[in-house]
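My numbering puts the first residue of the sequence shown at 347, with every later residue one more than the last. Here's the structure, in C-alpha cells; my notes come after.
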Amino acid sequence: MDNKKATLELGTKPVGQLLAQYALPAIVAMSASSLYNMVDSIFIGQGVGALAISGLAVTFPFMNLSGAFGAAVGVGSSTLISVRLGQKDYSTANKIFGNCVSLNVMIGILFAIVTLSFLDPILIFFGASDQTLPYAREYMQIILLGNVVTHLYLGMNAILRSASKPRMAMTATIFTVVFNTVLDPIFIYVFDMGIRGAAIATVLAQLSALAWQCRLFNHKEEIIHFEKGIYRLNGQLIKNIIGIGMSPFMMNATACMIVIIINKSLYHYGGDLAVGAYGIVNRVSFLFFMVVFGINQGMQPIAGYNFGAMHFDRLMQVSKYAMTAATAVCIFGFIVSELLPYYCAKAFTSDIQLIGIAEHGLRLANVTLPIIGVQMVITNFFQSIGKAKVSIFLSLSRQLLFLLPVLLVLPRFLGLDGVWISFPVSDTIAFIVTVSIMAHYMRQFKILHKQQSHG
Numbered sequence: 347m348d349n350k351k352a353t354l355e356l357g358t359k360p361v362g363q364l365l366a367q368y369a370l371p372a373i374v375a376m377s378a379s380s381l382y383n384m385v386d387s388i389f390i391g392q393g394v395g396a397l398a399i400s401g402l403a404v405t406f407p408f409m410n411l412s413g414a415f416g417a418a419v420g421v422g423s424s425t426l427i428s429v430r431l432g433q434k435d436y437s438t439a440n441k442i443f444g445n446c447v448s449l450n451v452m453i454g455i456l457f458a459i460v461t462l463s464f465l466d467p468i469l470i471f472f473g474a475s476d477q478t479l480p481y482a483r484e485y486m487q488i489i490l491l492g493n494v495v496t497h498l499y500l501g502m503n504a505i506l507r508s509a510s511k512p513r514m515a516m517t518a519t520i521f522t523v524v525f526n527t528v529l530d531p532i533f534i535y536v537f538d539m540g541i542r543g544a545a546i547a548t549v550l551a552q553l554s555a556l557a558w559q560c561r562l563f564n565h566k567e568e569i570i571h572f573e574k575g576i577y578r579l580n581g582q583l584i585k586n587i588i589g590i591g592m593s594p595f596m597m598n599a600t601a602c603m604i605v606i607i608i609n610k611s612l613y614h615y616g617g618d619l620a621v622g623a624y625g626i627v628n629r630v631s632f633l634f635f636m637v638v639f640g641i642n643q644g645m646q647p648i649a650g651y652n653f654g655a656m657h658f659d660r661l662m663q664v665s666k667y668a669m670t671a672a673t674a675v676c677i678f679g680f681i682v683s684e685l686l687p688y689y690c691a692k693a694f695t696s697d698i699q700l701i702g703i704a705e706h707g708l709r710l711a712n713v714t715l716p717i718i719g720v721q722m723v724i725t726n727f728f729q730s731i732g733k734a735k736v737s738i739f740l741s742l743s744r745q746l747l748f749l750l751p752v753l754l755v756l757p758r759f760l761g762l763d764g765v766w767i768s769f770p771v772s773d774t775i776a777f778i779v780t781v782s783i784m785a786h787y788m789r790q791f792k793i794l795h796k797q798q799s800h801g
C-alpha cells in the first residue's frame with residue numbers, strides 16, 4: 347500500500363479496524379518481548395541460581411533509568427511525527443526523525459560513560475548486597491556497553507509504528523526475541539558465561555534488529571527516511587520532543603526511584619530472596635502489562651493523527667476501544683495471578699523458599715490488576731495527543747503521590763506483606779483520579795464534536 351494512503355487511512359478507516367490493525371502487531375511484539383524477558387530470567391534462574399535472579403532484580407532500576415531517557419526521545423518523537431502526519435507536514439516529520447536519531451546516539455553514549463564510571467556504587471544504592479552485586483555488575487557492564495544500540499532500536503521501532511508500519515515494528519521485535527532466545531542458552535550454558543552471557547545475547551539480538559531497521563529507513567520512497575540535513579539538532583523540535591517525552595521520562599525515572607525503595611524494603615524485611623521474588627512477580631505481571639502497552643502503541647498513531655486532524659468523534663472511539671481491550675487483558679492476568687501463582691514462580695526457579703515468597707507476593711500485588719489497564723490507557727492517551735502536563739501528572743501521581751507514601755508506611759506495620767499490599771492500594775487511588783480526569787476531557791471532546799457537526 348502507498349505510504350501516504352496508509353497514513354491517510356488513520357482518519358478515514360473504521361476506528362475498530364484501525365485499532366486491531368495497529369494494536370495486534372504491537373501486542374504480538376510486546377508480548378514476545380515480555381516472553382523474552384521471562385525466558386531470559388528463567389535461563390538465569392535455572393542455569394545460574396536463585397541469587398542470580400535477585401541480582402537481575404537489582405538491575406531493574408537501571409533499566410527504568412535507561413528507558414526513561416530512551417522514552418523521552420522515542421515516544422516524544424513518534425507522537426510528534428503522528429501529529430505532523432495528521433497535518434500532512436511530511437517535511438517536518440522527517441526532520442523530527444533525524445533529530446530523534448541524533449539525540450539517541452548522544453544520550454546513549456553519555457549515559458553509558460557516566461554509569462559505567464560509577465557502576466558499583468550505583469548498584470549498591472539500588473539495593474545490591476555483597477552476594478548479589480557480582481551478578482548485577484556482570485550483567486550491567488555488557489548492557490551499558492550496548493546502550494546506544496538499545497536506544498536506537500527502541501526509538502526506531504516507535505517511529506515505524508507512527509509511520510504506518512506496525513507490522514515492520516512487530517517483525518523487528520519478534521526477530522530480537524527469537525534471536526535472543528536462541529543465543530541465551532548458547533552463551534549461558536555452552537560458553538559457560540553465566541549472567542554475562544545473557545547480557546551479550548540481548549545486545550547482539552538488538553544490534554541485528556537495528557541493522558534491519560536502518561535498511562528499512564534507507565528507502566527514499568518512504569515518508570520517513572534517512573536523508574542529508576535532518577540530523578542537525580533543531581532547538582524548537584527538541585523542545586517539542588522532550589516536552590511530550592517528559593511524561594514517559596518522568597514515569598520511568600520515578601519508577602527507578604520507586605523500585606530502589608521496593609528493593610531496599612524487600613531486602614530489609616525478607617532478605618535477598620524477597621528481592622528475587624519481586625523479580626519474578628515483576629516478570630509475570632509485565633507479561634500482561636506489555637499486552638496493554640501493545641494496545642497503547644496501537645492507539646497512539648490513531649489518536650495522534652485524529653487529534654491533529656480534529657476528528658474528535660474518532661478520538662473518543664479509539665480511547666474507549668483501547669480501555670475495553672486493556673481491561674479484558676488485565677482481568678485475565680488477575681485470574682492467572684490468583685489461581686496459578688505457584689506454577690508461575692516454579693518456572694523461574696527450583697528453590698522452594700523463593701517459590702513460596704514469590705507465590706504469596708504475586709497474589710497480593712496483583713489483586714487489583716483488573717483496574718490497572720484503564721489507568722495505563724488513559725495516561726498514554728493524553729501523551730498521544732500531546733497533552734504532556736496531564737500525562738505527566740497521571741504518570742507521577744500513581745508512583746509519587748500514592749505508591750511512595752504507602753510504601754513507606756505499610757511495611758512498618760505489616761512487614762513484607764506491607765510491601766506487596768502497597769501496590770493494590772496505590773493502584774486503586776490512581777484509578778479513581780485518572781478516570782475522573784478522563785471523564786472531564788471526554789465531555790470537552792463531545793462538545794467540540796457537536797460544534798463541528800452543527801458547523
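Here a beta-carbon is modelled for each residue, glycine too, at the ideal position from N, C-alpha and C. Everything numeric in this text was worked out from a predicted model, so none of it was measured.
Determine, using beta carbons only, whether residue i and residue j come nearer to each other than 7 Å.
i, j, result
"alanine 369", "glycine 644", "yes"
"phenylalanine 748", "isoleucine 606", "no"
"asparagine 725", "serine 743", "Here the sequence assigns threonine to residue 725, which means asparagine is not the residue at that position. Cβ atoms of threonine 725 and serine 743: not closer than 7 Å."
"phenylalanine 595", "alanine 414", "yes"
"leucine 500", "glycine 622", "no"
"phenylalanine 680", "methionine 376", "no"
"alanine 509", "isoleucine 570", "yes"
"alanine 547", "phenylalanine 533", "yes"
"leucine 364", "isoleucine 778", "no"
"isoleucine 703", "alanine 620", "yes"
"valine 528", "glycine 492", "no"
"isoleucine 373", "valine 637", "yes"
"alanine 417", "isoleucine 427", "no"
"alanine 545", "isoleucine 626", "no"
"valine 394", "glycine 540", "yes"
"asparagine 450", "leucine 498", "yes"
"valine 495", "leucine 556", "yes"
"serine 554", "phenylalanine 572", "no"
"valine 664", "valine 361", "yes"
"glycine 432", "tyrosine 651", "yes"
"aspartate 618", "threonine 478", "yes"
"leucine 490", "threonine 461", "yes"
"alanine 734", "isoleucine 584", "no"
"isoleucine 718", "aspartate 763", "no"
"alanine 340", "leucine 469", "The chain is shown from 347 up to 801; residue 340 falls before or after that span and cannot be answered."
Which residues mark the beginning and the end of the alpha helix (DSSP H) in which residue i is found?
i, result
"histidine 706", "698 to 711"
"valine 394", "First-last for valine 394: undefined, no H or E at that position."
"tyrosine 499", "493 to 508"
"arginine 542", "540 to 563"
"phenylalanine 525", "512 to 531"
"lysine 692", "687 to 692"
- Would you list, in sequence order, the uninterrupted alpha helix (DSSP H) runs of no fewer than 4 residues that lie entirely inside the segment 594 to 664? 618 to 654
Checklist line | alpha helix (DSSP H) segments (min. 4 residues) lying fully within the segment 425 to 491 | finding: 436 to 463, 465 to 471 and 479 to 491
For the segment 598 to 618 and the segment 445 to 456, state whether three or more C-beta atom pairs, one from each stretch, are separated by less than 8 Å. no
At a cut of 8 Å, does the segment 514 to 525 reach the segment 652 to 659 through at least three beta carbon pairs? no
Inside the segment 723 to 799 only - alpha helix (DSSP H) runs reaching at least 4 residues: 734 to 742 and 750 to 760
Using 8 Å as the threshold, is the segment 689 to 705 in touch with the segment 386 to 400, meaning 3 or more CB pairs across them?
-> yes
Decide if the segment 703 to 720 is in contact with the segment 750 to 760; the criterion is three or more beta carbon pairs, one per stretch, under 8 Å apart.
-> no
Checklist entry - Three or more beta-carbon pairs under 8 Å between the segment 759 to 775 and the segment 664 to 674, yes or no? => result no
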